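Participant:
There are 2 protein chains.
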Amino acid sequence: MSTVGKSRAVILLSGGLDSCVCLAEAALSHDPCVLHLNYGQRTEARELRAFHDIADHYGIDRRLVVDVSHLAQIGGSSLVDATQPVEQGLPDGGCVPSTYVPFRNANILAVGTSWAEVCGASALFIGAVEEDGSGYPDCTEAFYAAFEAAIDAGTRPETRIRIHTPLISLNKTAIVERGRDLGAPLHLTWSCYVAEDAACGVCESCLLRLRGFAGAGETDPITYK
Amino acid sequence: MSTVGKSRAVILLSGGLDSCVCLAEAALSHDPCVLHLNYGQRTEARELRAFHDIADHYGIDRRLVVDVSHLAQIGGSSLVDATQPVEQGLPDGGCVPSTYVPFRNANILAVGTSWAEVCGASALFIGAVEEDGSGYPDCTEAFYAAFEAAIDAGTRPETRIRIHTPLISLNKTAIVERGRDLGAPLHLTWSCYVAEDAACGVCESCLLRLRGFAGAGETDPITYK
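Line order of the protein sequences matches chains V and A.
So in our numbering, spot 94 of the first sequence is number 94, and the numbers just go up one at a time.
Every number in our numbering is 1000 more than the matching position in the second sequence, counting from 1.
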């Protein structure tokens, strides 16, 4: 990956399918710095391994892992509260799922912006997807536009950071196809919300992922139970 | 303090003079929940004591202390980096001081919004001050308006959280006068950026505070070295 003459970008890299394809997109035009956030999710250790595996694949040295587990402390979400069950099956569309961490992406973008301003990055990439009926209010184009305006107002006058959401209008099939076409290391990614050894195949995240691979006519290279 | 019939508000309470007066303002109209953030500042332990002392004074049970020390990890600021000296004297106006933690208030507001959405609060109070020449880009009315728009876009459709900045256009003298008139426990507050036993009296924060009390014709009730 050549970074000569490219401006720096911070890429939010959870280690999942979407963030991996987002990094592959970012690397086309920018010199990537990758940021991983632990917000107390069940499968944090497995996701962190995926983060480092993917960064190794791309030869990225500038990595930052940040603990934002106060989101678990604040609670209100089954994803960060071990006493609440994770919903199985696909979202029914329209309503906000119980895995929603209130205003999570704003917390994540705020951290990313702080790091971007310190390291002189001009872009912040996040693999958010508005489609698939996931219903997260902080995964919409309207939210990202509003947050970018807040960045412009709340950072140094000379700082200009654009938020890039290259996957925002894609569905999982299109994301798998784009990742394949860009040569993204999809075999290194992790999406399951429940398990860390082999993916469960039945949680919402696994079902969306499997549907994406099936739609693209591809076999998911990771192991399922 | 009567909370009967009042809607809930989250108040950011660092333990300093400004946040204490902000709480006194908020308590007039809302049922307060107080939020303290440790972002790795030098005087964290002393500020936390001030937070609890002030909350005790008002009889507030709903308190949340959250660690956001990843801002220290990201660095770029003398306030969170022990190897950089804290500037002495008053800011010279215009430029951004070295104590600026990049996009700090956005991180703080994101945490406050997450908690507000979980606990059903309709307001978020922050004692930010645009005046005094402090020069923080994330302390401006323009920034708060932009962030409020991001909250509207990024939270549940039924959530409506307004950001209140009752001190935004006041100088330190007016803040001391307002605190006195509201009976705010200014003797319990802590402002010094450097010391924890007795205030240093020479850092920027001490000088602004002392200037405020002098302007109001009041004696600062805390102990100085």
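C-beta atoms are modelled at their ideal positions from N, C-alpha and C, and glycine is treated no differently.
All of these numbers come straight from a predicted model, not from anything done at the bench.
In the structure shown, what three-state DSSP assignment does tyrosine 1144(A) receive?
Facilitator: If you number the second sequence from 1, residue 1144(A) lands on position 144. DSSP places tyrosine 1144(A) in helix when its eight states are reduced to three.
Participant: Since histidine 30(V) sits in a beta bridge, which residues does DSSP pair it with?
Facilitator: Translated into positions along the first sequence, residue 30(V) becomes position 30. Paired residues: Ser7(V).
Participant: I'd like to check one pair, leucine 167(V) with cysteine 20(V): are the Cβ atoms closer than 8 Å?
Facilitator: The sequence position of residue 20(V) within the first sequence is 20, counting from 1. The sequence position of residue 167(V) within the first sequence is 167, counting from 1. Not closer than 8 Å, so no.
Participant: So what does leucine 35(V) bridge to, in DSSP terms?
Facilitator: As a position in the first sequence, residue 35(V) is number 35, starting the count at 1. Paired residue(s): Leu12(V) and Leu64(V).
Participant: Mind the definition here: the stretch 154-173 of chain V touches the stretch 1158-1174 of chain A only if three or more C-beta pairs lie below 8 Å; say whether that holds.
Facilitator: Touching, no, given that fewer than three Cβ pairs across the two stretches are closer than 8 Å.
Participant: With DSSP collapsed to three states, give me the class of isoleucine 1074(A).
Facilitator: Counting from 1 along the second sequence, the entry for residue 1074(A) is found at position 74. Here isoleucine 1074(A) sits in helix by DSSP.
Participant: Tell me where the alpha helix (DSSP H) around alanine 1042(A) begins and ends.
Facilitator: Within the second sequence, residue 1042(A) is the residue found at index 42, counting from 1. Residue 1042(A) is actually arginine in this sequence, not alanine. Premise fails: arginine 1042(A) is in no alpha helix (DSSP H) and is neither H nor E.
Participant: At a Cβ threshold of 8 Å, is histidine 1164(A) touching chain V?
Facilitator: In the second sequence, the residue the question calls residue 1164(A) occupies position 164. No, no contact with chain V.
Participant: Counting Cβ pairs closer than 8 Å, one from the stretch 1049-1068 of chain A and one from the stretch 1026-1039 of chain A, do we hit at least three?
Facilitator: Enough Cβ pairs lie closer than 8 Å, so yes.
Participant: In its own chain, which residues sit with a C-beta less than 6 Å from the C-beta of valine 10(V), not counting the 5 before and 5 after it?
Facilitator: As a first step, residue 10(V) must be located in the first sequence, where it is residue number 10. Here the set comprises Cys33, Leu35, Gly112, Trp115, Ala116, Ala121 and Leu124.
Participant: Are any of the Cβ atoms in chain V nearer than 8 Å to that of glutamine 1073(A)?
Facilitator: By one-based count along the second sequence, residue 1073(A) stands at place 73. For glutamine 1073(A), the answer is yes, since a Cβ of chain V falls inside 8 Å of its Cβ.
Participant: In the DSSP assignment, find the unbroken alpha helix (DSSP H) run with alanine 116(V) in it and report its ends.
Facilitator: Stepping through the first sequence from its first residue, residue 116(V) is reached at position 116. Run containing alanine 116(V): 104-119, per the alpha helix (DSSP H) assignment.
Participant: For serine 1019(A), would you say it is in contact with chain V, using Cβ-to-Cβ distances shorter than 8 Å as the test?
Facilitator: Looking up residue 1019(A) in the second sequence gives position 19. No - not a single Cβ of chain V is within 8 Å of the one on serine 1019(A).
Participant: Would a check of beta-carbon distances place glycine 154(V) closer than 8 Å to chain A?
Facilitator: Here residue 154(V) refers to the residue found at position 154 when the first sequence is read from its first residue. Chain A contact via Cβ: present.
Participant: Chain V partners of alanine 1149(A), CB-CB under 8 Å?
Facilitator: Locating residue 1149(A) in the second sequence gives position 149, counting from the first residue. Within 8 Å Cβ-Cβ: Ala146, Ala149 and Ala150.
Participant: Helix, strand or coil: how does DSSP classify cysteine 1139(A) here?
Facilitator: Locating residue 1139(A) in the second sequence gives position 139, counting from the first residue. It is helical.
Participant: Under DSSP, the beta strand (DSSP E) around arginine 162(V) begins and ends at which residues?
Facilitator: As a position in the first sequence, residue 162(V) is number 162, starting the count at 1. Run containing arginine 162(V): 162-164, per the beta strand (DSSP E) assignment.
Participant: Hey, glycine 38(V) and glycine 1154(A) are a contact pair by Cβ (cut 8 Å); roughly how many whole angstroms apart?
Facilitator: Taking the first residue of the first sequence as 1, we reach residue 38(V) at position 38. Taking the first residue of the second sequence as 1, we reach residue 1154(A) at position 154. First, the amino acid is wrong: residue 38(V) is asparagine here, not glycine. In fact, because the Cβ distance is near 21 Å, the residues do not count as touching under 8 Å.
Participant: Please classify valine 1176(A) as buried or exposed, where buried requires at least 16 neighbouring CB atoms within 10 angstroms.
Facilitator: In the second sequence, counting from the first residue as 1, residue 1176(A) sits at position 176. With 16 or more Cβ atoms within 10 Å of its Cβ, valine 1176(A) is classed as buried.
Participant: Determine, using beta carbons only, whether serine 114(V) comes closer than 8 Å to chain A.
Facilitator: Translated into the one-based positions of the first sequence, residue 114(V) becomes position 114. Closer than 8 Å: yes.
Participant: Using 8 Å for Cβ pairs, my map puts phenylalanine 1147(A) next to alanine 128(V). What's the rounded Cβ distance?
Facilitator: Translated into positions along the second sequence, residue 1147(A) becomes position 147. Translated into positions along the first sequence, residue 128(V) becomes position 128. Rounded, the Cβ-Cβ distance is 19 Å, inconsistent with contact.
Participant: Could you check the C-alpha separation between valine 1004(A) and proline 1185(A) for me, to the nearest Å?
Facilitator: Locating residue 1004(A) in the second sequence gives position 4, counting from the first residue. Locating residue 1185(A) in the second sequence gives position 185, counting from the first residue. Rounded to the nearest angstrom, the two C-alpha atoms are 22 Å apart.
Participant: Would you mind giving the Cβ-Cβ distance between aspartate 1067(A) and histidine 70(V), rounded to the nearest angstrom? I have them listed as a contact below 8 Å.
Facilitator: Residue 1067(A) sits at position 67 when you count from the first residue of the second sequence. Residue 70(V) sits at position 70 when you count from the first residue of the first sequence. Confirmed, Cβ separation roughly 6 Å.
Participant: Use the C-beta contact count for glycine 183(V): other C-beta atoms within 10 angstroms, 16 or more gives buried, fewer gives exposed.
Facilitator: Sequence index remark: in the first sequence, residue 183(V) carries index 183 (1-based). The residue in question, glycine 183(V), is exposed, as its Cβ has fewer than 16 Cβ neighbours within 10 Å.
Participant: Taking alanine 1216(A) as the reference, which of Ala1145(A), Gly1201(A) and Asn1171(A) has the closest Cα?
Facilitator: As a working note, residue 1216(A) is residue 216 in the second sequence. The option with the nearest alpha carbon to alanine 1216(A) is Asn1171(A).
Participant: Quick check: the Cα distance between alanine 1026(A) and phenylalanine 1103(A), rounded to an integer number of angstroms?
Facilitator: For this step, residue 1026(A) is matched to residue 26 along the second sequence. For this step, residue 1103(A) is matched to residue 103 along the second sequence. Answer to the nearest angstrom: the Cα atoms are 24 Å apart.
Participant: Under a three-way DSSP split, which group does alanine 184(V) fall into?
Facilitator: For this step, residue 184(V) is matched to residue 184 along the first sequence. Residue state, collapsed to three classes: coil.
Participant: What are the residues that DSSP puts in a beta bridge with alanine 255(V)?
Facilitator: What is shown of chain V runs 1 to 225, which leaves residue 255(V) out entirely.
Participant: Would you give the residue range spanned by the alpha helix (DSSP H) that leucine 1124(A) belongs to?
Facilitator: Numbered from its first residue, the second sequence carries residue 1124(A) at position 124. Per DSSP, leucine 1124(A) belongs to no alpha helix (DSSP H); it is in the beta strand (DSSP E), 1123-1125.
Participant: Using the Cα positions of aspartate 138(V) and alanine 145(V), report the straight-line distance between them to the nearest angstrom.
Facilitator: What you label residue 138(V) is simply residue 138 of the first sequence in a count that begins at 1. What you label residue 145(V) is simply residue 145 of the first sequence in a count that begins at 1. One C-alpha to the other measures close to 11 Å.
Participant: If I'm right that glutamate 1226(A) touches tryptophan 1190(A) with Cβ under 8 Å, what's the distance once you round it to whole angstroms?
Facilitator: As displayed, chain A neither begins before 1001 nor continues past 1225, which places residue 1226(A) out of reach and without an answer.
Participant: What does proline 102(V) touch in chain A if you count any residue whose Cβ is under 9 Å from its own?
Facilitator: What you label residue 102(V) is simply residue 102 of the first sequence in a count that begins at 1. Here the neighbours are Thr1113, Ser1114, Trp1115, Ala1116, Glu1117, Val1118, Thr1155, Arg1156 and Thr1159.
Participant: Looking only at its own chain, which residues have a Cβ that is under 8 Å from the Cβ of glutamate 1130(A), when we skip the five neighbours before and after it?
Facilitator: For this step, residue 1130(A) is matched to residue 130 along the second sequence. So the list reads Cys1139, Thr1140, Glu1141, Ile1168 and Ser1169, once near-sequence residues are dropped.
Participant: Distance check for arginine 1180(A) and glycine 15(V), CA to CA, integer angstroms please.
Facilitator: Counted from its first residue, the first sequence places residue 15(V) at position 15. Counted from its first residue, the second sequence places residue 1180(A) at position 180. Cα-Cα distance, rounded: 53 Å.
Participant: Chain A beta carbons: is any one of them nearer than 8 Å to that of phenylalanine 51(V)?
Facilitator: Position 51 of the first sequence, counted from the start, is the residue given in the question as residue 51(V). For phenylalanine 51(V), the answer is no, since every Cβ of chain A falls outside 8 Å of its Cβ.
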